[in-house]
Amino acid sequence: MVEIDKYAGFCFGVTKAITSAENELSKHGSACCLGKIVHNQKEENRLEKLGLHTIDRNEMLSNPPSRMLIRAHGEPPSTYAEAKRLGITVVDETCPVVLKLQELIAQKFHNDPDCQIVIFGKKGHAEVNGLVGQTDGNAIVVSSVEEAEQLNLNGKIALFSQTTADYLMYAQVAEVLKRKNGRVDVHETVCGSVKNRIPRLQEFCRMHDVIVFVTDDASSNGRMLYEVCRSTNPKSYFVTDVADLKAEWFAGCNDVGVSGANSTPSWLLEEVNRKCEELIKNNED
Ligand code: SF4
Numbered sequence: 218m219v220e221i222d223k224y225a226g227f228c229f230g231v232t233k234a235i236t237s238a239e240n241e242l243s244k245h246g247s248a249c250c251l252g253k254i255v256h257n258q259k260e261e262n263r264l265e266k267l268g269l270h271t272i273d274r275n276e277m278l279s280n281p282p283s284r285m286l287i288r289a290h291g292e293p294p295s296t297y298a299e300a301k302r303l304g305i306t307v308v309d310e311t312c313p314v315v316l317k318l319q320e321l322i323a324q325k326f327h328n329d330p331d332c333q334i335v336i337f338g339k340k341g342h343a344e345v346n347g348l349v350g351q352t353d354g355n356a357i358v359v360s361s362v363e364e365a366e367q368l369n370l371n372g373k374i375a376l377f378s379q380t381t382a383d384y385l386m387y388a389q390v391a392e393v394l395k396r397k398n399g400r401v402d403v404h405e406t407v408c409g410s411v412k413n414r415i416p417r418l419q420e421f422c423r424m425h426d427v428i429v430f431v432t433d434d435a436s437s438n439g440r441m442l443y444e445v446c447r448s449t450n451p452k453s454y455f456v457t458d459v460a461d462l463k464a465e466w467f468a469g470c471n472d473v474g475v476s477g478a479n480s481t482p483s484w485l486l487e488e489v490n491r492k493c494e495e496l497i498k499n500n501e502d
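See the structure below:
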């Protein structure tokens, strides 16, 4: 038996951005997105075939498109200002959860200038860049408990996390900062669709002999969730598509769970599911 995890696949924010890209493509025949619309190369390839073109910031500045999608991760205010200056029509698909976090950080920054904003997240990640942009670059980004240990701040601190951060590590970072500096205001900003998935994924991993986790190397959410799989069920395997599957993983086993990240398309989960069934059947014959 092979079962697909019913909680795997696109979250609300990614679904919304991809639906908007598909609408743009069917209306205009092509579309342009600033940065990869989703951290999944297979889905990127599918959308590229339909006419989606991905540009980076340099291309936006040197060869501005007439319309441009902003993906779920969001962008700093400077991007909107540049787009306006260049006459680009922005189709803003920043996830509402990210938008709310950007607003919260901007409010804190403008209303409480004595407070140092600290963001727990991956340095250079598009969402984190968008969050730091709300503070004119003044926020400090920490990516690990070790980095939090090295921070020496005296005044008030407001701590926020990237929406897809590991919430257990975020709690550790908060503890470290509180120990070193009592004046820390911790904001619970890990997205519910990420946080809720961890206990559900652990349960799913315990229910199956073998877990096949479908994601992409570029997805931080995917890598974090795969680590959850591995620590719950040692027979967990990381794949990016059907070509990575190996028949030996399923030797003597007929109970497989297929799961994936928030950026894994459901059509890819289905493909992997079918291939697992085929490999199990071949092992039995
Ligand atoms: S993980 Fe949460 S915050 Fe990020 S895009 Fe999905 S719904 Fe939005």
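In this note's numbering, the protein residues as written are 218 to 502. C-beta: ideal position from N, C-alpha, C; glycine also. For clarity, every value in this text was computed on a predicted model and none was experimentally measured.
Cβ-based neighbour list, residue i, same chain, cut-off 8 Å, excluding 5 preceding and 5 following
{"i": "THR311", "result": "ILE287, ARG288, ALA289, HIS290, GLY291, GLU292, GLN319, GLY347"}
{"i": "VAL362", "result": "MET386, GLN389, VAL390, VAL393"}
{"i": "ARG423", "result": "THR449, ASN450"}
{"i": "VAL345", "result": "ILE336, GLY338, LYS339, VAL358, GLN379"}
{"i": "ALA343", "result": "GLY252, ARG288, HIS290, GLY291, GLU292"}
{"i": "SER237", "result": "LEU286, VAL308, GLU310"}
{"i": "ASN371", "result": "ASN398"}
{"i": "LEU316", "result": "GLY291"}
{"i": "SER360", "result": "PHE337, GLY338, LYS339, LYS340"}
Spatial neighbours of residue i in its chain, beta-carbon cut-off 7 Å, leaving aside the 5 residues before and after
{"i": "VAL314", "result": "GLY230, THR380, CYS408"}
{"i": "ASP472", "result": "MET218, HIS425, ASP426"}
{"i": "ALA478", "result": "THR432, SER436, ASN438, GLY439, LEU442"}
{"i": "ASN500", "result": "ALA464, PHE467, ALA468"}
{"i": "LEU496", "result": "LEU462, ALA464, PHE467"}
{"i": "THR447", "result": "For the record, residue 447 in the displayed sequence is Arg; it is not Thr. The residues are SER453."}
{"i": "SER410", "result": "CYS228, PHE229, ASN479"}
{"i": "ASN490", "result": "VAL219, ILE221, VAL475"}
{"i": "THR406", "result": "LEU318, PHE377, SER378, THR380"}
Supposed close pair residue i, residue j - CB separation, criterion 8 Å
{"i": "ALA323", "j": "ILE336", "result": "Actually they are not in contact, since the Cβ atoms of ALA323 and ILE336 sit about 13 Å apart, beyond 8 Å."}
{"i": "GLY262", "j": "SER480", "result": "Before going on, a small fix: residue 262 reads as Asn here, not Gly. Not a contact, Cβ separation roughly 14 Å."}
Proximity of residue i and residue j at Cβ, strictly below 7 Å
{"i": "VAL456", "j": "LEU418", "result": "no"}
{"i": "CYS470", "j": "ASP502", "result": "no"}
{"i": "ILE268", "j": "SER283", "result": "For the sequence presented, residue 268 should be read as Gly rather than Ile. Taking 7 Å as the Cβ cut-off, GLY268 and SER283 do not qualify as a contacting pair."}
{"i": "LEU485", "j": "ALA225", "result": "no"}
{"i": "ALA382", "j": "ASP402", "result": "no"}
{"i": "ASP458", "j": "LYS266", "result": "no"}
{"i": "PHE430", "j": "ASP222", "result": "no"}
{"i": "VAL307", "j": "MET285", "result": "yes"}
Cα-Cα separation, residue i to residue j
{"i": "GLY474", "j": "ILE254", "result": "27 Å"}
{"i": "ASP353", "j": "ILE272", "result": "24 Å"}
{"i": "ASP331", "j": "GLY399", "result": "15 Å"}
{"i": "LYS301", "j": "GLU366", "result": "41 Å"}
{"i": "SER476", "j": "LEU251", "result": "28 Å"}
{"i": "LEU321", "j": "LYS498", "result": "53 Å"}
{"i": "LYS373", "j": "TYR384", "result": "22 Å"}
{"i": "GLY350", "j": "SER243", "result": "33 Å"}
{"i": "LEU264", "j": "PRO482", "result": "12 Å"}
{"i": "LYS492", "j": "HIS270", "result": "30 Å"}
{"i": "GLU239", "j": "CYS249", "result": "11 Å"}
{"i": "PHE326", "j": "ILE334", "result": "7 Å"}
{"i": "ALA298", "j": "ILE305", "result": "10 Å"}
{"i": "THR296", "j": "SER279", "result": "14 Å"}
{"i": "LYS233", "j": "LEU368", "result": "37 Å"}
{"i": "GLY341", "j": "ASN275", "result": "16 Å"}
{"i": "GLU507", "j": "ASN328", "result": "Outside the shown range of the chain, which is 218 to 502, sits residue 507, and nothing can be said about it."}
{"i": "LYS395", "j": "ILE428", "result": "38 Å"}
{"i": "GLU488", "j": "LYS412", "result": "26 Å"}
{"i": "ILE235", "j": "GLU364", "result": "35 Å"}
{"i": "PRO416", "j": "HIS245", "result": "42 Å"}
{"i": "HIS404", "j": "ASP434", "result": "29 Å"}
Own chain residues within Cβ distance below 6 Å of residue i, not counting five before or after
{"i": "ARG414", "result": "TYR224"}
{"i": "LEU303", "result": "PRO281"}
{"i": "GLU494", "result": "VAL219"}
{"i": "PRO294", "result": "GLY350"}
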